[in-house]
């Protein structure tokens, strides 16, 4: 009865348009008042203490670093490099958008931030060159979802904290799957561009062209090297790497690229603050929601139900993946990771799935939710930039979503794609 009240109140609030963070908090509070004897102070305590974590500090810092890079000229230089490398291909601008999103994803750790930074340049550019605007928006939205798969990834940070898994190993585990998703999106972009006759821009780059583009973007390309190299060399933790990324981005934006000014910094910090506020609220209320689930022993009940269907590793992963694909359509990625990790991770471990591999599968499935209605945050960001309706973009991104799902199936069937690089570091 308690759980029925919790979930019914949560979905009713979401259906009437209440923001997801408030829906999580209000449904938890409502259930505690009318269906449990728990002291109300416990929900406040859970929400507050959940944020008292050094590891969580990485999230606002990576968001700030992403804004600093976007405003400081980093995205523009990464786009230039991507255009030189693949601009000569059929659908080169679309493929370049995916490649640039992968570069930026290795810096920001956020899907919507990647769409905003890359899409603001590439969607108008593709439309101007003769690409369908809905196609341009669909490419950018789906490519932005790679931002939560390639390191540094905010959902990986949350999964590591909640599940007690090494965040550094999760970062490493996301490299090959993130690249595979990017390649799949490039193949779809190429096929659609060839079929519809989109124009080809640029010429095959010479060695000097590539060198010039790399030199133009060298300070931007060094950012993931500094972040990941520092973590895996043991110089600093993931949280400290986020602080280093902020300082590095600030220095190159102010003194190297000179596209940041001290006056512009106010807007940068304001934008980062406005992006962080809902994230922090979502995390705190999600943990309160998950706390109530654990009190009612829901994780154990669900684990018994799933393992009762099958104890086969592949079948269990497919069932969980289908569930996560549906959840991602209605609940944002961070909330889903916080609420579902304590429920699903024990199930995965019970059938012999590596926790790191499971973390990658979980985040990859939820990443699809960034571009699927009704929640689809990337979808709305791309719609805002392109001035194209969500409905039109949704139709255009169907082939891209199929490509992402096929890639997830491959990753499920070949666990080494996730575990190979972490095993080398160990």
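Residue numbers (UniProt numbering): 1 to 426.
Beta carbons: idealized from backbone N, C-alpha and C, even for Gly.
Remember, predicted model here, so these are calculated numbers, not experimental data.
Close beta carbons around residue 253, own chain, < 8 Å, minus the five adjacent residues each side: Reading the chain shown from its first residue, position 253 is the one you call residue 253. Taken in chain order, the residues that qualify are 68, 69, 71, 72, 73, 74, 259 and 260.
Whole angstroms is fine: what's the gap from residue 413's alpha carbon to residue 314's? One-based indexing of the chain shown puts residue 413 at position 413. One-based indexing of the chain shown puts residue 314 at position 314. Between residue 413 and residue 314, the C-alpha separation is close to 7 Å.
Please go through the same chain and pick out, in chain order, the residues whose beta-carbon is closer than 7 Å to the beta-carbon of residue 138, but skip the five residues on each side of it. Your numbering for residue 138 matches position 138 in the chain shown. Counting only Cβ-Cβ distances below 7 Å, and skipping sequence neighbours, we find 393, 396, 397 and 400.
Can the beta-carbon of residue 410 be found closer than 8 Å to that of residue 364? Here residue 410 refers to the residue found at position 410 when the chain shown is read from its first residue. Here residue 364 refers to the residue found at position 364 when the chain shown is read from its first residue. In this structure, residue 364 does not lie closer than 8 Å to residue 410 by Cβ.
Scan the segment 83-130 and note each continuous alpha helix (DSSP H) run of 4 residues or more that stays entirely inside, going in chain order. Taking only runs of at least 4 residues, the alpha helix (DSSP H) segments lying wholly in the segment 83-130 are 92-108 and 111-128.
Measure the C-alpha to C-alpha separation of residue 344 and residue 54 and round it to an integer number of angstroms. On the chain shown, position 344 is the one that residue 344 refers to. On the chain shown, position 54 is the one that residue 54 refers to. Cα to Cα, the separation comes out at about 25 Å.
Say whether the segment 25-33 touches the segment 105-125, bearing in mind that this needs 3 or more beta-carbon pairs closer than 8 Å, one atom from each stretch. No, because fewer than three Cβ pairs between the segment 25-33 and the segment 105-125 fall closer than 8 Å, the two stretches do not touch.
Evaluate residue 419 with the Cβ neighbour count: other Cβ atoms within 10 Å of its Cβ, from every protein chain shown; 16 or more gives buried, anything less gives exposed. Within the chain shown, the letter at position 419 stands for residue 419. Per the 10 Å Cβ criterion, buried.
Where residue 37 sits in the DSSP three-state scheme: Start at 1 with the first residue of the chain shown, and residue 37 comes out as number 37. In this structure, DSSP gives residue 37 a state outside helix and strand, which the three-state scheme calls coil.
What first and last residue would you give for the alpha helix (DSSP H) that runs through residue 301? In the chain shown, residue 301 corresponds to position 301, counting from 1. Unbroken alpha helix (DSSP H) run through residue 301: 298-309.
Grouping DSSP H, G and I as helix and E and B as strand, with all else coil, what is residue 155? Here residue 155 refers to the residue found at position 155 of the chain shown. Reduced to three states, the DSSP call for residue 155 is helix.
Classify residue 158: buried if its beta carbon has 16 or more other beta carbons within 10 angstroms, exposed otherwise. Position 158 of the chain shown, counting from 1, holds the residue named residue 158. Residue environment: residue 158 is assigned as buried (16 or more neighbouring CB atoms within 10 Å of its CB, all protein chains considered).
Say whether the segment 84-95 touches the segment 192-201, bearing in mind that this needs 3 or more beta-carbon pairs closer than 8 Å, one atom from each stretch. Touching, per the Cβ criterion.
Measure the alpha-carbon distance for residue 211 versus residue 56 and round it to whole angstroms. Translated into the one-based positions of the chain shown, residue 211 becomes position 211. Translated into the one-based positions of the chain shown, residue 56 becomes position 56. Rounded to whole angstroms, the gap between the alpha carbons of residue 211 and residue 56 is 38 Å.
Sorted by chain position, which residues of the same chain lie with C-beta nearer than 6 Å to residue 336's C-beta, five sequence neighbours on each side aside? Start at 1 with the first residue of the chain shown, and residue 336 comes out as number 336. Its chain contains 327 and 366 as the residues whose beta carbon lies nearer than 6 Å to that of residue 336, once the 5 sequence neighbours on both sides are disregarded; these appear in chain order.
Under the three-state DSSP convention, the category residue 346 falls into: The count along the chain shown starts at 1 and reaches residue 346 at position 346. The DSSP-derived three-state label of residue 346 is helix.
When the distance is taken between beta carbons, is residue 61 closer than 8 Å to residue 106? Here the question's residue 106 lines up with position 106 in the chain shown. Here the question's residue 61 lines up with position 61 in the chain shown. Between residue 106 and residue 61, the C-beta gap is not smaller than 8 Å, which leaves the two residues out of contact.
Would residue 287 and residue 82 qualify as a contact pair, given that the criterion is a beta-carbon distance under 8 Å? The residue given as residue 287 occupies position 287 in the chain shown. The residue given as residue 82 occupies position 82 in the chain shown. Not closer than 8 Å, so no.
Look up residue 336 in the DSSP assignment and say whether it is helix, strand or coil. The residue you call residue 336 lines up with position 336 of the chain shown. Here residue 336 carries a helix assignment [DSSP, helix/strand/coil].
Jot down the residue ranges of each uninterrupted alpha helix (DSSP H) in the segment 381-417, minimum 4 residues, whole runs only, in chain order. Within the segment 381-417, the complete alpha helix (DSSP H) runs of at least 4 residues are 390-396 and 398-413.
Confirm, please, whether the CB-CB distance from residue 172 to residue 422 is below 8 Å. As a working note, residue 422 is residue 422 in the chain shown. As a working note, residue 172 is residue 172 in the chain shown. Cβ atoms of residue 422 and residue 172: closer than 8 Å.
Could you check what DSSP says for residue 21 in three-state terms: helix, strand or coil? Numbered from 1 along the chain shown, position 21 holds the residue referred to as residue 21. For residue 21, the three-state secondary structure derived from DSSP is helix.
Three-state secondary structure assigned by DSSP to residue 323: For the purposes of this step, residue 323 is identified with residue 323 of the chain shown, where counting begins at 1. Taken through DSSP and simplified to helix, strand or coil, residue 323 comes out as helix.
Can you give the Cα-Cα distance for residue 21 and residue 37, rounded to whole angstroms? If you number the chain shown from 1, residue 21 lands on position 21. If you number the chain shown from 1, residue 37 lands on position 37. Cα atoms of residue 21 and residue 37: separation of roughly 24 Å, rounded to the nearest angstrom.
Taking only the alpha-carbon atoms, compute the straight-line gap between residue 290 and residue 302 and give it to the nearest angstrom. For the purposes of this step, residue 290 is identified with residue 290 of the chain shown, where counting begins at 1. For the purposes of this step, residue 302 is identified with residue 302 of the chain shown, where counting begins at 1. If you draw a straight line from the Cα of residue 290 to the Cα of residue 302, it comes to about 14 Å.
Residue 182 (DSSP reduced to helix, strand or coil): Within the chain shown, numbered from 1, the residue matching residue 182 stands at position 182. Helix, per DSSP.
Where residue 200 sits in the DSSP three-state scheme: By 1-based counting over the chain shown, the position of residue 200 is 200. The three-state secondary structure of residue 200, taken from DSSP, is coil.
Report yes or no: do the segment 121-128 and the segment 161-170 share at least 3 C-beta pairs separated by less than 8 Å? No, the segment 121-128 does not touch the segment 161-170.
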